[in-house]
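Protein chains: 2
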Amino acid sequence: MIRVMITDDHLIIREGLRLILETADGIELVGEATDGAECLQLVKKLNPDVILMDLQMPRMDGITAIEHLRKDYPDIAIVILTTYNEDDLMIRGLQSGARGYLLKDSSRENLIDAIQAAAKGETLLKPEILARVLAPRPVAKADSVSQTNSILTERELEVLLSAALGERNKEIAYKLGITERTVKAHLASIYQKFGVDSRAAAVAVAAQKGLLGE
Amino acid sequence: MIRVMITDDHLIIREGLRLILETADGIELVGEATDGAECLQLVKKLNPDVILMDLQMPRMDGITAIEHLRKDYPDIAIVILTTYNEDDLMIRGLQSGARGYLLKDSSRENLIDAIQAAAKGETLLKPEILARVLAPRPVAKADSVSQTNSILTERELEVLLSAALGERNKEIAYKLGITERTVKAHLASIYQKFGVDSRAAAVAVAAQKGLLGE
DNA sequence: GTGCATATTGTCCAAACGGACAATGTACCT
DNA sequence: AGGTACATTGTCCGTTTGGACAATATGCAC
Numbered sequence: 001m002i003r004v005m006i007t008d009d010h011l012i013i014r015e016g017l018r019l020i021l022e023t024a025d026g027i028e029l030v031g032e033a034t035d036g037a038e039c040l041q042l043v044k045k046l047n048p049d050v051i052l053m054d055l056q057m058p059r060m061d062g063i064t065a066i067e068h069l070r071k072d073y074p075d076i077a078i079v080i081l082t083t084y085n086e087d088d089l090m091i092r093g094l095q096s097g098a099r100g101y102l103l104k105d106s107s108r109e110n111l112i113d114a115i116q117a118a119a120k121g122e123t124l125l126k127p128e129i130l131a132r133v134l135a136p137r138p139v140a141k142a143d144s145v146s147q148t149n150s151i152l153t154e155r156e157l158e159v160l161l162s163a164a165l166g167e168r169n170k171e172i173a174y175k176l177g178i179t180e181r182t183v184k185a186h187l188a189s190i191y192q193k194f195g196v197d198s199r200a201a202a203v204a205v206a207a208q209k210g211l212l213g214e
Numbered sequence: 215m216i217r218v219m220i221t222d223d224h225l226i227i228r229e230g231l232r233l234i235l236e237t238a239d240g241i242e243l244v245g246e247a248t249d250g251a252e253c254l255q256l257v258k259k260l261n262p263d264v265i266l267m268d269l270q271m272p273r274m275d276g277i278t279a280i281e282h283l284r285k286d287y288p289d290i291a292i293v294i295l296t297t298y299n300e301d302d303l304m305i306r307g308l309q310s311g312a313r314g315y316l317l318k319d320s321s322r323e324n325l326i327d328a329i330q331a332a333a334k335g336e337t338l339l340k341p342e343i344l345a346r347v348l349a350p351r352p353v354a355k356a357d358s359v360s361q362t363n364s365i366l367t368e369r370e371l372e373v374l375l376s377a378a379l380g381e382r383n384k385e386i387a388y389k390l391g392i393t394e395r396t397v398k399a400h401l402a403s404i405y406q407k408f409g410v411d412s413r414a415a416a417v418a419v420a421a422q423k424g425l426l427g428e
């Protein structure tokens, strides 16, 4: 039984989906949310396998919700609910970790197929969408927390170099003659400047920037 | 009844596929070819709905055959038969107009699913492939890596590359379709081979070895 | 058949990590 | 004097990680 949750701000859409899903074998509709924020609140309680996610919603949009979900609940498959003229948003959704997309005027059969594929960990793509994601995209830049000049201080660089050697915070602290707490502070600052949230990713960025000496 | 045609130069592959397809409901195996040129000759007579296409073949390779088929028989769905270390070729095949791909060691279920999806005009993609075609940069995991470059297995390399992106074990597990425990196993193996004991150090070693796309 | 490599998954647990709130002191510039 | 950047340290807490013991299955080589 695939546990499905709907997140869409349009009542009509929700009702339509409910009607279809309630008569489908192997699919159980466990709940609905009307925007991204509510979705995040409910997801823990409802424990869905698949979330059907609208993109344009009040309060918190779908892309943001997907990013949160991917981080906190990576096992949940997210299927984007979209329309024909939302292609760009949809691509961004897929890049954010969604496992599929569904046109809002999909046939009943397509709907079921997409949900079942998502639950299996697969993604069902229409040829035109496939062509689109394969096309050379202009896709700008990371809209995340990347500032213009993200240069590390000397101290931060020292910490990062040590971290790249696989040293624990405790070891780094001892070596630099400071406390572990301070090491953490420097790391946190590095993460922010690099737009990451783990030392492994920070080391990779440092390597890419040539900070680790080639 | 979905009319399926096989194009592959390996007898074993053809026989294996035949065995599976002949016992599948709704699928009819209408013929086989051993290379791209033969495929083009036979396709008119056999009139298949779906063609399973190998990429590396004598006389005429799969990519070329796909391009011809796209032009002359746009209604025929082409599913690429591929292996794990043919990713680059596979992407090119998709760009040439193939509607799906299949690992040669796919399970029976996956095989049937992919064929049925292709016949419906859809494409079934694994999350890791989706991530790949969505990747902002052309990933350079060359097929030479497996022999020349690394003592790591293909799988271990996949895990390591994901770890270098800052992904959690949970996320990596999701992306590769395995459990978190298995991700840990691969990481442990990587650590042992690299002589380290943390993912940050492993990423640094990987960077030094040039395993991360430069 | 017997190994060997590889891939997969399991549980338990201590240590490490990263975020959320912080505050304090120093040095430099305007 | 006020502002800014940097370095430093504190606690609390949930999450993540890696090690320690594993076992099973598959495919390949000999």
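Each protein sequence line maps, in turn, to chains A and B.
If you count the first sequence from 1, position 131 lands on 131 in this note's numbering, and the numbers rise without skipping.
Count along the second sequence from 1, add 214, and you get the number used in this note's numbering.
For glycine and all other residues, C-beta sits at the position ideal for the given N, C-alpha and C.
Looking only at its own chain, which residues have a Cβ that is under 7 Å from the Cβ of residue i, when we skip the five neighbours before and after it?
i: glutamate 370 of chain B; result: His400, Ser403, Ile404
i: isoleucine 20 of chain A; result: Arg108, Leu111
i: leucine 338 of chain B; result: Gly314, Asp327, Ala328, Ala331
Less than 8 Å between the C-beta atoms of residue i and residue j, yes or no?
i: leucine 283 of chain B; j: isoleucine 220 of chain B; result: no
i: arginine 199 of chain A; j: alanine 418 of chain B; result: no
i: asparagine 383 of chain B; j: glutamate 372 of chain B; result: no
i: alanine 164 of chain A; j: isoleucine 172 of chain A; result: no
i: isoleucine 112 of chain A; j: alanine 202 of chain A; result: no
i: asparagine 261 of chain B; j: arginine 228 of chain B; result: no
i: isoleucine 365 of chain B; j: lysine 398 of chain B; result: no
Can you name, in chain order, every residue of its own chain whose Cβ lies under 6 Å from the Cβ of residue i, other than the five neighbours on each side?
i: leucine 374 of chain B; result: Ile404, Ala420
i: serine 310 of chain B; result: Ile277, Ile280, Glu281
i: leucine 254 of chain B; result: His282
i: lysine 44 of chain A; result: none
i: threonine 396 of chain B; result: none
So is residue i buried or exposed if we call it buried at 16+ other beta carbons inside 10 Å?
i: serine 107 of chain A; result: exposed
i: glycine 26 of chain A; result: exposed
i: proline 74 of chain A; result: buried
i: aspartate 222 of chain B; result: buried
i: glutamate 22 of chain A; result: exposed
i: threonine 221 of chain A; result: Outside the shown range of chain A, which is 1 to 214, sits residue 221 of chain A, and nothing can be said about it.
i: aspartate 197 of chain A; result: exposed
i: lysine 423 of chain B; result: exposed
i: glycine 250 of chain B; result: buried
i: leucine 11 of chain A; result: exposed
Can you find the residues in the same chain that come closer than 8 Å, C-beta to C-beta, to residue i, ignoring five residues on each side of it along the sequence?
i: alanine 77 of chain A; result: Asp49, Val50, Ile51, Arg99, Gly100, Ala118, Ala119, Gly121
i: arginine 18 of chain A; result: Ile6, Leu29, Glu32
i: leucine 269 of chain B; result: Asp275, Gly276, Ile277, Ile294, Leu295, Thr296, Glu300, Leu303, Met304, Gly307
i: aspartate 71 of chain A; result: For the sequence presented, residue 71 of chain A should be read as lysine rather than aspartate. Answer for lysine 71 of chain A: no residue qualifies.
i: leucine 102 of chain A; result: Leu52, Val79, Ile80, Leu81, Thr82, Asn110, Leu111, Ala114
i: leucine 175 of chain A; result: The sequence shown places lysine at residue 175 of chain A, rather than the leucine named in the question. Correct list, in chain order: Ser162, Glu167.
i: leucine 42 of chain A; result: Met5, Gly31, Ala33
i: methionine 1 of chain A; result: Gly26, Ile27, Glu28
i: leucine 212 of chain A; result: Leu161, Ala164, Val203, Ala206
Would you kindly report the start and end of the unbroken alpha helix (DSSP H) that includes residue i?
i: valine 183 of chain A; result: 180-194
i: aspartate 72 of chain A; result: 62-72
i: leucine 42 of chain A; result: 36-46
i: isoleucine 172 of chain A; result: 169-176
i: alanine 98 of chain A; result: Looking at the DSSP string, alanine 98 of chain A is not in any alpha helix (DSSP H), and its letter there is neither H nor E.
i: alanine 416 of chain B; result: 413-423
What are the boundary residues of the beta strand (DSSP E) that residue i is part of?
i: leucine 371 of chain B; result: No beta strand (DSSP E) holds leucine 371 of chain B; the alpha helix (DSSP H) holding it covers 368-378.
i: glutamate 336 of chain B; result: First-last for glutamate 336 of chain B: undefined, no H or E at that position.
i: arginine 3 of chain A; result: 2-7
i: isoleucine 51 of chain A; result: 50-54
i: alanine 247 of chain B; result: 241-247
i: isoleucine 292 of chain B; result: 291-296
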